[in-house]
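Asks: My structure is below; once you've seen it, I'll send some questions.
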Amino acid sequence: QQADDPFGSKLPCEGGAQDAAKPAVAMDGADEKEVEIEDDDEKEPSADQEAAATTAEGGDDGADAEGEEEEAGEEADDLELAFQSLEMARLIYEQFPDKELELADVLEYLGEVNMENEMWHEAVTELEKSLELKQRHLPPDHRQLAHLHYQIATATVSLIESKRQQVKHHFESAAGVLRERLHAAGSRAGDSSASAGEESELRE
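Here is the structure:
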């Protein structure tokens with residue numbers, strides 16, 4: 001827009017073009033603020049949303065734990081079923097002297113099931129029986145013999161380790177009992193000479 005100048009020249013209205021642009025600038029600024037607010041809302045979830053997310057995560061963890069327990073229970077059931085089936089097969093094959101190789105296979109599988117159940121003594125017993133039978137019928141370089149030797153060695157190592165833990169436990173328990181007696185002997189108010197003698201014996 002232009003205004004008539006008293007001197008006859010046409011001049012633009014004061015602040016005309018700039019004022020026309022101002023509303024657009026203000027509008028753009030408002031839009032940016034709205035976008036920023038929306039972005040902030042997206043970046044910062046509300047307390048309810050956080051609580052819901054936490055609950056969902058807890059539910060997932062609980063579901064995972066339950067799933068693992070169910071899987072472990074199913075595995076135990078499978079091992080028990082396998083053990084019962086193999087025991088039945090053992091009883092059948094033991095009635096047929098000409099089925100020693102089949103019986104040896106059953107004994108080997110029983111040994112492996114016992115290994116899965118960490119029943120190391122039973123595993124070694126079954127595997128040794130299987131090895132004895134297979135050595136009667138298989139050549140000395142047969143791969144099954146090597147496998148059985150390996151399984152027996154593995155189960156024996158685990159058996160020794162479990163025995164070592166038992167030995168450690170009983171030694172520590174014995175030491176604990178003696179410490180208790182030593183403490184009782186030291187605090188006893190009876191015969192001082194007898195208490196001193198017992199304390200000396202316990203320390204030895």
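The numbering of the sequence shown is UniProt numbering, which starts it at 1 and goes up by one. A virtual CB, placed ideally from N, CA and C, is assigned to each residue, including glycine.
Who are the Cβ neighbours of Arg136 in its own chain at under 8 Å, not counting the five residues just before and after it?
Replies: The residues are Glu100.
Asks: Note down, in chain order, each residue of its chain lying with its Cβ closer than 8 Å to the Cβ of Leu86, except the 5 sequence neighbours on either side.
Replies: The answer, listed in chain order, is Val106, Tyr109, Leu110, Val113.
Asks: What does the alpha-carbon distance come out to for the pair Lys134 and Arg143?
Replies: Using only the alpha carbons, I get a separation of about 11 Å.
Asks: Run through DSSP, which three-state label would Glu172 get?
Replies: In this structure, Glu172 counts as helix in the three-state DSSP scheme.
Asks: With DSSP collapsed to three states, give me the class of Asn117.
Replies: In the structure shown, Asn117 sits in coil (DSSP, three-state: anything other than H, G, I, E or B).
Asks: Have a look at Leu131 and Val124 and give me their C-alpha separation to the nearest angstrom.
Replies: Their Cα atoms are separated by approximately 10 Å.
Asks: I'd like to check one pair, Leu79 with Glu122: are the Cβ atoms closer than 9 Å?
Replies: Result no, Cβ atoms of Glu122 and Leu79 do not sit closer than 9 Å.
Asks: Quick one: Cα of residue 213 to Cα of His147, how far?
Replies: A question about residue 213 goes unanswered here, because the residues of the chain that appear run from 1 up to 204.
Asks: Which residues in the same chain have their Cβ closer than 6 Å to the Cβ of Leu103, if we skip the five residues on either side of it in sequence?
Replies: Taken in chain order, the residues that qualify are Tyr93.
Asks: Counting only beta-carbon atoms, is Lys168 nearer than 9 Å to chain B?
Replies: The question asks about chain B, but that chain is absent: this structure has only one protein chain.
Asks: Using only the alpha-carbon positions, how far apart do Arg188 and Gln165 sit?
Replies: Each residue's Cα considered, the two are about 35 Å apart.
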